[in-house]
Amino acid sequence: MPTIHPTHPFRTDQANIERLTSLLLYLGQPKRGSTEKDNMALRLWASSTANALGVSCASKAHLFPSFSLSRCFSTVLDGLKYATSHEWVKHEGSVATIGITDHAQDHLGEVVFVELPEPGVSVSKGGSFGAVESVKATSDVNSPISGEVIEVNSKLSESPGLINSSPYEEGWMVKLKPSSPSDLESLMGPKDYTKFCEEEDAAH
Amino acid sequence: MTTSQARKIGLPLMNLVRLKGAPILQQLHLEEQLLRTSSDNWCIINDGTNSPTIVMGISGKPAELIELELVLQNRVPVIRRFTGGGTVIVDRGTLFVTFICNKDAIPGLQPYPSPIMSWSRLLYKEVFRGIGDFDLRENDYVFDNRKFGGNAQSITKNRWIHHTSFLWDYDVKNMAYLKLPTRAPEYRSARGHEEFICRMKDYLPRSAFIENTIKAVGTYFSSRSIQSEAIDTSPDTAFPHSTKLLTKQELEAVFSSR
Chain A
1 MPTIHPTHPF
11 RTDQANIERL
21 TSLLLYLGQP
31 KRGSTEKDNM
41 ALRLWASSTA
51 NALGVSCASK
61 AHLFPSFSLS
71 RCFSTVLDGL
81 KYATSHEWVK
91 HEGSVATIGI
101 TDHAQDHLGE
111 VVFVELPEPG
121 VSVSKGGSFG
131 AVESVKATSD
141 VNSPISGEVI
151 EVNSKLSESP
161 GLINSSPYEE
171 GWMVKLKPSS
181 PSDLESLMGP
191 KDYTKFCEEE
201 DAAH
Chain B
1 MTTSQARKIG
11 LPLMNLVRLK
21 GAPILQQLHL
31 EEQLLRTSSD
41 NWCIINDGTN
51 SPTIVMGISG
61 KPAELIELEL
71 VLQNRVPVIR
81 RFTGGGTVIV
91 DRGTLFVTFI
101 CNKDAIPGLQ
111 PYPSPIMSWS
121 RLLYKEVFRG
131 IGDFDLREND
141 YVFDNRKFGG
151 NAQSITKNRW
161 IHHTSFLWDY
171 DVKNMAYLKL
181 PTRAPEYRSA
191 RGHEEFICRM
201 KDYLPRSAFI
211 ENTIKAVGTY
221 FSSRSIQSEA
231 IDTSPDTAFP
241 HSTKLLTKQE
251 LEAVFSSR
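Protein sequence lines correspond, in order, to chains A and B. Every letter in the first sequence is one number past the one before it in UniProt numbering, and letter 31, counting from 1, is 31. Every letter in the second sequence is one number past the one before it in UniProt numbering, and letter 241, counting from 1, is 241.
So this is what it looks like as C-alpha cells:
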C-alpha cells in the first residue's frame with residue numbers, strides 16, 4: 001500500500017513520483033511538428049497536473065542526478081516565415097524582425113558571441129548580415145529578405161545565450177525596413193519549415 | 001581501370017596545397033579568401049610557421065587571453081582570426097591542417113560544428129591508427145587525456161572550414177604569453193599548460209603525419225596538388241579579410257585601460 005501524505009491526497013511513494021515525473025517532463029517538452037501554442041498548452045497541463053499531484057516538474061535533480069531529458073524536437077512558431085538557412089522573419093507593417101530558429105541554435109550549440117551589423121547598413125536576401133560564435137565555430141547568419149537595418153538587439157553583446165534560450169523572442173537579432181515585399185513570398189511557412197527540418201535531419 | 005581508380009571517379013575533388021614555414025597571417029588570409037570566394041574543396045597543410053605568433057579566435061579579448069606586458073615587451077605578433085575558438089601560440093613546431101569544403105562534399109554530413117568535428121575525428125583516427133590512444137575530447141584532439149591539436153571552424157551558407165593547429169613540439173617559455181582561459185573544456189580539469197598538452201613528436205615522425213593525413217584525405221576525396229603560387233590572390237580577387245594583425249597601438253591601448 002503506497003504511503004499517502006495527509007495534506008496531499010495524491011502524493012504517493014518514491015517510485016510513483018519518479019514515474020510520474022518522467023511522464024510529466026516528457027509531456028512538458030515541445031514536440032516536433034506542433035506549434036508553440038500546442039506546446040504551451042501541453043506545458044501548462046503538465047505543470048498544473050504536477051502541482052495537483054504535489055510533484056515539481058521544474059527540477060527533480062535529486063531524483064535524477066545525472067539525467068537530462070534532451071530536446072529531440074525543435075520549436076517552430078506560427079505567424080513567422082522561414083528560410084532554408086534556418087533564419088525566421090516576423091513581418092509587422094514596415095518592420096521585419098529576424099533571428100535564427102530553434103533548430104539552428106540547437107545544432108550550433110552554446111552561443112558565446114554575436115556579431116551584428118550597424119543600423120543603416122543594407123542587407124540583401126540570402127546575404128550574410130552577421131555571425132554567431134558557438135565555442136569553436138563562427139557561423140554566418142543570412143538575411144531572408146532585403147532591407148535596411150533599423151535596429152539591432154544590443155542585449156546580445158552581454159547575453160549571447162539569449163539566442164539559445166529564447167531564439168524567437170529575446171534572442172531576436174536585427175530589425176529591417178524591408179525593401180522588397182515579394183521577398184517574403186518565397187519563404188516557408190511553419191508547416192513547410194517543419195517538414196524541411198525533418199527531411200534535412202533524415203537525409204544525414 | 002583498377003578498383004581504386006574506379007572508386008576515386010565518384011569522389012569529389014580536393015585541391016591539396018602544401019606549404020612549409022608560411023607565415024600564419026598569410027595562411028589565414030588565404031584560407032578566408034578560399035572559403036568566401038572559391039567553390040572548390042581545399043586541403044592546406046602548412047609545415048610550421050616562420051615566427052612565434054599568438055592567434056586568438058574571432059571574439060578574443062587580448063586583456064583576458066594574453067599576458068600583455070610580456071607580449072608588448074617581446075614584440076610578439078598577435079592575430080585575431082576569422083574562425084571561432086580559443087587562443088594559441090604558434091611557431092616552427094606547429095603543424096597546420098585545414099579543410100575547406102562545400103557543404104555537400106561529404107555525403108550525409110550536416111554543416112554544423114558538431115558533425116564536422118565528428119567527421120574530422122574519423123579522418124584523424126585513420127591518420128593515427130596504431131599510434132597512441134587518439135581521440136576527440138570535447139573539441140580537442142588528444143592522445144590519452146592530453147591535447148595536441150586544437151580546432152576552429154567557420155560555417156557559411158554553402159561552405160565550411162575546419163582548421164587545426166597541431167603541437168608537433170612547443171617551447172615551454174612561449175606558454176608564458178598565454179593566460180589560463182576562463183572558458184576551458186571540462187576534461188582540462190584545471191590542469192596547467194604542461195600537464196594538459198603533449199607533443200606529437202613523441203608519437204610519430206613529422207613526415208609520417210603529413211603522409212598519413214594526405215592518405216586519409218584520399219578516403220573521402222580525389223586529391224590533386226596545387227602550388228600555392230597558382231592560387232589567384234590578385235587585387236581583382238581582393239577580399240576584405242576579417243583576420244587582422246593587431247597593432248602595437250591597439251595592444252598598448254588595451255594594456256593601459258586595465
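Glycine residues also receive a C-beta, built at the ideal position from the N, C-alpha and C atoms.
Residue span of the alpha helix (DSSP H) that contains T219/B, given as start and end: Counting from one through the second sequence, the residue named residue 219/B turns up at place 219. That run of the alpha helix (DSSP H) goes R206 to Y220.
Chain A contact for Y108/B (CB, 7 angstroms cutoff): Translated into positions along the second sequence, residue 108/B becomes position 108. Per the sequence shown, residue 108/B should be read as Gly rather than Tyr. Interface residue, yes.
Straight-line gap, S165/A to G10/B (C-alpha atoms, nearest Å): Stepping through the first sequence from its first residue, residue 165/A is reached at position 165. Stepping through the second sequence from its first residue, residue 10/B is reached at position 10. So the two alpha carbons sit approximately 42 angstroms from each other.
Stretch-stretch touch, CB-based, cutoff 8 angstroms, three pairs: the stretch 37 to 53 of chain B with the stretch 88 to 106 of chain B: They touch, by the three-pair rule.
Residues sharing a beta bridge with M173/A, DSSP: To locate residue 173/A, count along the first sequence from 1; it is residue 173. Paired residue(s): none; M173/A is not in a bridge.
Counterpart residues of S122/A in DSSP-defined beta bridges: The count along the first sequence starts at 1 and reaches residue 122/A at position 122. According to DSSP, S122/A bridges with E148/A.
Simplified DSSP assignment, three categories, for H204/A: Taking the first sequence and counting its residues from 1, the one referred to as residue 204/A is at position 204. In the structure shown, H204/A sits in coil (DSSP, three-state: anything other than H, G, I, E or B).
Pair within 7 angstroms by beta-carbon distance, N212/B and R159/B: Within the second sequence, numbered from 1, the residue matching residue 212/B stands at position 212. Within the second sequence, numbered from 1, the residue matching residue 159/B stands at position 159. No, the Cβ-Cβ distance between N212/B and R159/B is not below 7 angstroms.
Status (buried if at least 16 other CB within 10 Å, exposed otherwise) for T243/B: Counting from 1 along the second sequence, the entry for residue 243/B is found at position 243. T243/B sits buried, since 16 or more C-beta atoms from the chains shown fall within 10 Å of its C-beta.
C-beta neighbour in chain A for N212/B, strict 7 angstroms: Counting from one through the second sequence, the residue named residue 212/B turns up at place 212. Not one chain A Cβ lies under 7 angstroms of N212/B.
7 angstroms Cβ cutoff met for E32/B and F82/B: Numbered from 1 along the second sequence, position 32 holds the residue referred to as residue 32/B. Numbered from 1 along the second sequence, position 82 holds the residue referred to as residue 82/B. The answer is yes: Cβ separation under 7 angstroms.
Helix, strand or coil at T75/A [DSSP, three-state]: Residue 75/A sits at position 75 when you count from the first residue of the first sequence. Collapsing the DSSP output to three states places T75/A in coil.
7 angstroms Cβ cutoff, H241/B in contact with chain A: Numbered from 1 along the second sequence, position 241 holds the residue referred to as residue 241/B. No, H241/B lies away from the interface with chain A (no Cβ there is under 7 angstroms from its Cβ).
Beta carbon proximity, A152/B to chain A, threshold 7 angstroms: Here residue 152/B corresponds to residue number 152 of the second sequence, with the count starting at 1. Against chain A, the CB of A152/B has a partner CB under 7 angstroms away; the residue lies at that interface.
C-beta neighbour in chain A for residue 261/B, strict 7 angstroms: Missing from the structure shown is residue 261/B; chain B here goes from 1 to 258 and no further.
Contact list for the UniProt domain "Lipoyl-binding" (95 to 177) of chain A against chain B, Cβ threshold 8 angstroms: Within the UniProt domain "Lipoyl-binding" (95 to 177) of chain A, H107, L108, G109, V112, F113, E115, G126, S128, A131, E133, S134, V135, K136, A137, T138, S139, D140 and N142 place their CB atoms closer than 8 angstroms to a CB of chain B, listed in sequence order.
Listed by chain order, chain B residues near S74/A by CB distance under 7 angstroms: Position 74 of the first sequence, counting from 1, holds the residue named residue 74/A. For S74/A, there are no C-beta contacts with chain B under 7 angstroms, since the nearest C-beta of that chain is about 13 angstroms from it.
N-terminal and C-terminal residue of the beta strand (DSSP E) that T138/A is part of: Locating residue 138/A in the first sequence gives position 138, where the first residue counts as 1. Counting along the chain, the beta strand (DSSP E) containing T138/A begins and ends at A137 to N142.
Distance, Q110/B Cα to M56/B Cα: The residue labelled residue 56/B in the question sits at position 56 within the second sequence. The residue labelled residue 110/B in the question sits at position 110 within the second sequence. Near 26 angstroms, if we compare the C-alpha coordinates of Q110/B and M56/B.
Inter-residue CB distance, L65/B and K179/B (contact presumed, cutoff 8 angstroms): Locating residue 65/B in the second sequence gives position 65, counting from the first residue. Locating residue 179/B in the second sequence gives position 179, counting from the first residue. With 8 angstroms as the limit, L65/B and K179/B qualify as a contact, their Cβ atoms being about 6 angstroms apart.
Check whether V88/B and S165/B have beta carbons under 7 angstroms apart: In the second sequence, the residue the question calls residue 88/B occupies position 88. In the second sequence, the residue the question calls residue 165/B occupies position 165. S165/B is positioned such that its CB atom lies closer than 7 angstroms to that of V88/B.
Burial state of R146/B, where buried means 16 or more other Cβ atoms lie within 10 Å: To locate residue 146/B, count along the second sequence from 1; it is residue 146. With 16 or more Cβ atoms within 10 Å of its Cβ, R146/B is classed as buried.
DSSP bridge partner residues for D47/B (one or two, in chain order): For the purposes of this step, residue 47/B is identified with residue 47 of the second sequence, where counting begins at 1. D47/B is bridged to K20/B and L95/B.
Buried/exposed call for V172/B, threshold 16 Cβ in 10 Å: Here residue 172/B refers to the residue found at position 172 when the second sequence is read from its first residue. Exposed.
Below-7 angstroms beta-carbon distance, K31/A vs any chain B residue: As a first step, residue 31/A is located in the first sequence; it is residue number 31 there, counting from the start. Unreliable placement is indicated for K31/A, whose pLDDT of 45 sits below 50; no coordinate value is reported for it.
C-beta neighbour in chain A for K103/B, strict 7 angstroms: By 1-based counting over the second sequence, the position of residue 103/B is 103. Not one chain A Cβ lies under 7 angstroms of K103/B.
Start and end residues, alpha helix (DSSP H) containing D135/B: Locating residue 135/B in the second sequence gives position 135, where the first residue counts as 1. In the DSSP assignment, D135/B falls outside any alpha helix (DSSP H) and within the unbroken beta strand (DSSP E) covering F134 to R137.
Assumed close pair V111/A, E133/A - CB separation to whole angstroms, cut-off 8 angstroms: By 1-based counting over the first sequence, the position of residue 111/A is 111. By 1-based counting over the first sequence, the position of residue 133/A is 133. Yes, V111/A and E133/A are in contact; Cβ-Cβ is about 7 angstroms, under 8 angstroms.
Chain A residues whose Cβ lies nearer than 8 angstroms to that of I155/B: Sequence index remark: in the second sequence, residue 155/B carries index 155 (1-based). Ordered by position in chain A, the residues that pass the 8 angstroms Cβ test against I155/B are A137, T138, S139 and D140.
Separation of P115/B from A203/A, as counted between CA atoms: The residue given as residue 203/A occupies position 203 in the first sequence. The residue given as residue 115/B occupies position 115 in the second sequence. If you draw a straight line from the Cα of A203/A to the Cα of P115/B, it comes to about 13 angstroms.
Between the CA atoms of L77/A and R129/B - distance to the nearest angstrom: On the second sequence, residue 129/B is found 129 positions in, with the first residue counted as 1. On the first sequence, residue 77/A is found 77 positions in, with the first residue counted as 1. In a straight line, the C-alpha of R129/B is about 47 angstroms away from that of L77/A.
Alpha carbon of R71/A to alpha carbon of S228/B, nearest angstrom: As a working mapping, residue 71/A is identified with position 71 in the first sequence. As a working mapping, residue 228/B is identified with position 228 in the second sequence. For R71/A, the predicted structure reports a pLDDT of 42, less than 50, and the residue's modelled location is therefore unreliable. The matter cannot be settled from this model.
Environment of P30/A [buried if 16+ CB atoms lie within 10 Å]: Start at 1 with the first residue of the first sequence, and residue 30/A comes out as number 30. Its pLDDT being 47, under 50, P30/A is placed unreliably in this model, and the coordinates cannot settle the point.
V95/A versus T138/A: straight-line alpha-carbon distance, rounded: Taking the first sequence and counting its residues from 1, the one referred to as residue 95/A is at position 95. Taking the first sequence and counting its residues from 1, the one referred to as residue 138/A is at position 138. When rounded, the distance between both Cα atoms is 27 angstroms.
Against chain B: residues of the stretch 76 to 87 of chain A by CB proximity under 7 angstroms: Answer set for the stretch 76 to 87 of chain A: S85.
Residues bridged to G93/A (per DSSP): Along the first sequence, read from residue 1 onward, the residue named residue 93/A stands at position 93. For G93/A, which the question treats as bridged, DSSP gives no partner whatsoever.
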